[in-house]
Every structure is written in structure tokens, then in C-alpha cells.
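Protein chains in written order, with the numbering used here: chain A, 1 to 100; chain B, 1001 to 1417.
Beta carbons: idealized from backbone N, C-alpha and C, even for Gly.
On a predicted model such as this, the values are computed, not experimentally measured, just so you know.
This is the structure in C-alpha cells:
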């Protein structure tokens, strides 16, 4: 079972407390009227779906109810870190260097 | 290829079964092929077989990173049905069902297709309305499906609990009699043997690293762990890994990969005569010929390539089964596994040409790819051979996500997603 750290509650809790909410850092278009069909497709349907590092959203539905972001490896399912919604996308290389 | 028959069985029995020949040779890659199929699951092997049989294209290689049939072909719950809501889907899945009928004879290989019936339980008013709508839609499309009262459902499947006090009372069921199960490994082996007999090379344990494109954008071949292999046509049939393979050709796909888990119980004597699915409690169950109860449900909630999945989902699935079939509450589970399924936003597959010359795809079958195996192989072969889609798979384009012409089986919820 996944153990997930909620950055708001500052607690590591089991997966059933959380709901997965898709890939993170997909910004809604600033000017939707100006988008072509191709750009709408990219926004609505195209996902990176990587075999490896994945930036994703989770929601602590049975806790604080808030959305946050996480970095997880999709092969090992191990979380690298979680961080609050609205914070910029962390630079993974910089994090690794800091850890070493 | 040795023709399998009662006579060949008898002949080999007399010599102590020591003279059976290998079913197909393990090929090494040639420098060039007319068509390369990436992914040696049932779909990819089926496509190779139909390319050779129906289109006369035998200079074909099927390449897999592992052993053939080792991905989702060996990791599903073997359920076959075609009771989908929309016209496009009904035609697609019923085409596969037509091919299942004669597959064992066609391949000279027993795939153990068993038309034992698939029954989908209705537990509330919404289920009843939704299933009746499916039944009417199916009948208009010539797809077999009919409505059962709770008593008729109980008669068809005696272990079913139709008590009114049940937490999820059975208020009726939709039954497709033509649906059932097949032996999943035999499907891959049968296609592999029949394709190899017609000259197809099956190359196992050879990961495809990238699809190579020329300066004009057209496909040139594939880079593999065993070197570059040239081909003007490449068909990708790699299920959960499609996004990764396509990225090497510079294409981003509308797919997400999730683990889909299944589990089997210890083997017991025949107790369960059909396949039962319940969308509301979210589980499905059948009994294999070995006697194991084969149980599955929906995908895990998060994107993953781990081929394991999490235990909370197993707990939910088993709880649902025990609720509907209390007699199984003391069964012990033997093993569980996960396969990585590629899910499209509308839960319908993508099967056809791509905006890259010479590149074809068969993906997005999500949680329901096994039932489509002969149909997907047949239609992929047609599309590759003629460089245009068959009328049945013509609506299942990648372009539908741009035009908005979706085939929204996700909203129709014919299946336990």
C-alpha cells in the first residue's frame, strides 16, 4: 500500500485516505477562445504518461480535503516528495544533488 | 508445422510423447522486413497471422521485449463479450466475437473458447435503466443480449444471492449467452504457431529502444537491443507501454497507463457456471477449467508501470465478491497479479494509421483488450496491408480527440472501468 505524505497535515498516511487527481502542472489556457482544436486536444487529452518520474496531483479526501502535488516513480511507485498546490515544479536534478 | 489431430496425438502417444516438435522456432532478426510488429501479445501475433494468411505478407517480424504472451495477454481474466452501447463499439467487439467462434479450427489449436454466458447484475434503478438501454441498443445492432429477472438470474447462476436483505440486492441482470471465456495463453501460442508456420519471425527478449524516422518523417525501422532492423511499415501493439514507444517516434498519445489487478482462488470443484459482472459493487468472477475462481475489478487509481497494484483495491474487490456470493467468503486466494493497461479518455481503443508515414497503432484497449484479440489482430493487419482502415476500425482514429468525435464508452459504462 502507498504511504502518502500530506504537506498540509504534515502526516504520512495510507492510500485509502487519498484520491488521485491526474497529472500535475497542466495549466488551464489563459485565453480559451484563442485555442485551436489541436491545442484543446493537447490540454484536454494528451498526457506525458512517463515510465519513471511523474508529477501528479492527489487530494486528501478523508483528511483536510485539499489538493497537493507529488513526485512519484511510476515503476517502483515510490514517492520522491509531495508539495503544496501552487508551488513551482521542483527541479529533480537539484534535489538529487542536494541529497548527495 | 505438425498438424494437431486425434491421429497425431495417438501416434505420439505410441512413441511416449518424445517426438513432439517445437511449436514455433525462436527467430533471430533479419536486416529488413516488410512489416515489423512491436509487441508479441495476442493482438500483435494475431496481426502477424492475418497479414500472412489474408494479405500474403509473410516477411514480417513480431518483436517483444520479453517472452510472447507475457504481458497483458497472460495477465487478464479471459472474459469475452461484445455488449457495448455504441454502434461503433458493438460492431468492433462483435467482429472479434465472430472470429472467436472458429478460432480453434482456424489455428488448429484449442483456445478453449467457452460460450458460458456473461451476466451483468443490476443492483439499483439506474442499473436497470442503463442495462435495458444497452439491451435495446445491442438488439438493434444484432448483438445478443437479454434481460433476466432476479429469479431467472438465480436459475442461471445458482450461487447468486438474490435475497432482498442483501446489501446490494439483485434487481435483474443482462445476459449475453454468446459471451464467455477462453484460454488466454493458448490464444497467444496458437497465433504464434500459425504465424510462424507461414514464415513470420517471432523475436523474443529483444526490447525496441526507438522507432527510427527518416528526414522526410517516414518510418525507417526500429532500433532494438539486437541492433537496427529496417522496415517501411511498423505497427505498435504494446498496450501499457504505448506512450513510451510512441514518444521515441516523436508522438504524444492521449493515454494513461494504470495497473489492473486480478486474483485467483485455490482450485475447487465446478461450482460457478458462467461469468458474472457487477459494475455497482465493481467486481467480476468466473471459474477456470482448472477450478480456480478468477476475480477482477477496476484499475488502481494512479498511473503506474509496476505490474503489481495496491492491496486496498484487492480488499475492495474481494469484499464485493463476498457480498454478492456469500458462499465464497471462506475461499482462500492463491495468487494475484497486475497488468498495465493503457486507458484513453473515452475508454475506446485507437486502432489505425498515425500522422507518421508507415506507422500504425493498436492501443487504448484499457481494461478490455483480451476479448478483442482476434478482431484487433484482424483489423490491424488489414490497416497495415492496405494502408487504410477497415470500415469497422475507421471511427477509432487518433484524430477523434482533435475533432471531438469521441466514442464515449466511459460515459456509457458498459464495463467495470
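Which class does residue i belong to by DSSP, given the choice of helix, strand or coil?
i	result
residue 1324 of chain B	helix
residue 1246 of chain B	helix
residue 1135 of chain B	helix
residue 1396 of chain B	coil
residue 1365 of chain B	coil
residue 1415 of chain B	Reliability fails at residue 1415 of chain B, whose pLDDT of 49 lies under 50, so the model's placement of it is uncertain and no value is given.
residue 1251 of chain B	coil
residue 1318 of chain B	helix
residue 1162 of chain B	coil
residue 54 of chain A	strand
residue 1406 of chain B	coil
residue 1046 of chain B	helix
residue 1104 of chain B	helix
residue 63 of chain A	coil
residue 1073 of chain B	helix
residue 42 of chain A	helix
residue 24 of chain A	coil
residue 1193 of chain B	helix
residue 1026 of chain B	coil
residue 1155 of chain B	helix
residue 93 of chain A	helix
residue 1272 of chain B	coil
Between the Cα of residue i and the Cα atoms of the options, which residue gives the shortest distance?
i	options	result
residue 1172 of chain B	B/1146, B/1178, B/1192 and B/1183	B/1146
residue 1216 of chain B	B/1355, B/1001 and B/1374	B/1355
residue 1079 of chain B	B/1340, B/1284 and B/1228	B/1284
residue 1394 of chain B	B/1230, B/1364 and B/1350	B/1350
residue 1318 of chain B	B/1364, B/1126 and B/1265	B/1265
residue 42 of chain A	B/1399, B/1409, B/1408 and B/1027	B/1399
residue 1314 of chain B	B/1136, B/1183 and B/1296	B/1296
residue 1381 of chain B	B/1329, B/1047, B/1345 and B/1070	B/1047
residue 1311 of chain B	A/28, A/10, A/16 and A/74	A/16
residue 1447 of chain B	B/1303, B/1289 and B/1278	Residue 1447 of chain B cannot be examined here, being either before or after the span of chain B that is shown, 1001 to 1417.
residue 1210 of chain B	B/1245, B/1236, B/1161 and B/1322	B/1245
residue 53 of chain A	B/1303, B/1322, B/1113 and B/1326	B/1303
residue 1118 of chain B	B/1384, B/1156 and B/1162	B/1156
residue 1249 of chain B	B/1214, B/1240, B/1282 and B/1305	B/1214
residue 1191 of chain B	B/1110, B/1123 and B/1116	B/1110
Please list, in chain order, all residues of the same chain as residue i whose beta carbon is under 7 Å from its beta carbon, the five residues on each side excluded.
i	result
residue 14 of chain A	1 and 3
residue 23 of chain A	47, 48, 55 and 56
residue 1358 of chain B	1218, 1219, 1232, 1233 and 1234
residue 1207 of chain B	1065, 1224 and 1225
residue 1267 of chain B	1290, 1291 and 1292
residue 89 of chain A	25 and 55
residue 1052 of chain B	1058, 1060, 1195, 1198, 1199 and 1200
residue 1035 of chain B	1051, 1057, 1060, 1231, 1233, 1235 and 1384
residue 1012 of chain B	1019 and 1020
Looking only at its chain, what residues have a beta carbon closer than 6 Å to the beta carbon of residue i, apart from the 5 residues adjacent to it on each side?
i	result
residue 1337 of chain B	1075
residue 1366 of chain B	1341, 1343 and 1347
residue 1363 of chain B	1242, 1342 and 1350
residue 1262 of chain B	1077 and 1296
residue 1121 of chain B	1170, 1173 and 1278
Have a look at the DSSP bridge pairing and note the partners of residue i.
i	result
residue 1353 of chain B	B/1360
residue 1082 of chain B	DSSP lists no partner for residue 1082 of chain B.
residue 1264 of chain B	B/1294 and B/1335
residue 14 of chain A	A/3
residue 1114 of chain B	B/1181
residue 1221 of chain B	B/1212 and B/1230
residue 1147 of chain B	B/1174
residue 1257 of chain B	B/1342
residue 1036 of chain B	B/1061 and B/1234
residue 1021 of chain B	DSSP lists no partner for residue 1021 of chain B.
residue 1121 of chain B	B/1173
Whose C-beta lies closer than 8 Å to the C-beta of residue i among residues of the same chain, with five residues either side of it excluded?
i	result
residue 95 of chain A	80 and 81
residue 85 of chain A	57, 66, 67, 68 and 69
residue 92 of chain A	53, 71 and 80
Which chain A residues sit within Cβ distance under 8 Å of residue i?
i	result
residue 1345 of chain B	44 and 45
residue 1255 of chain B	47 and 49
Residues of chain B with CB closer than 9 Å to the CB of residue i, please, in chain order.
i	result
residue 1 of chain A	1310, 1311 and 1312
residue 37 of chain A	1402, 1403 and 1404
For a contact defined as C-beta to C-beta under 7 Å, what are the partners of residue i on chain A?
i	result
residue 1401 of chain B	41 and 45
At a CB-CB cut-off below 7 Å, which residues of chain B make contact with residue i?
i	result
residue 20 of chain A	1301 and 1302
residue 74 of chain A	1303, 1304 and 1305
residue 31 of chain A	Chain B residues near residue 31 of chain A: none, gap ~19 Å exceeds 7 Å.
residue 77 of chain A	1304 and 1306
residue 16 of chain A	1312
Using the beta-carbon of each residue, which ones in chain B are nearer than 8 Å to residue i?
i	result
residue 54 of chain A	1303
Output needed in chain order: residues of the stretch 1221-1251 of chain B with a Cβ under 8 Å from some Cβ in chain D. You won't find chain D in this structure, because its protein chains are A and B.
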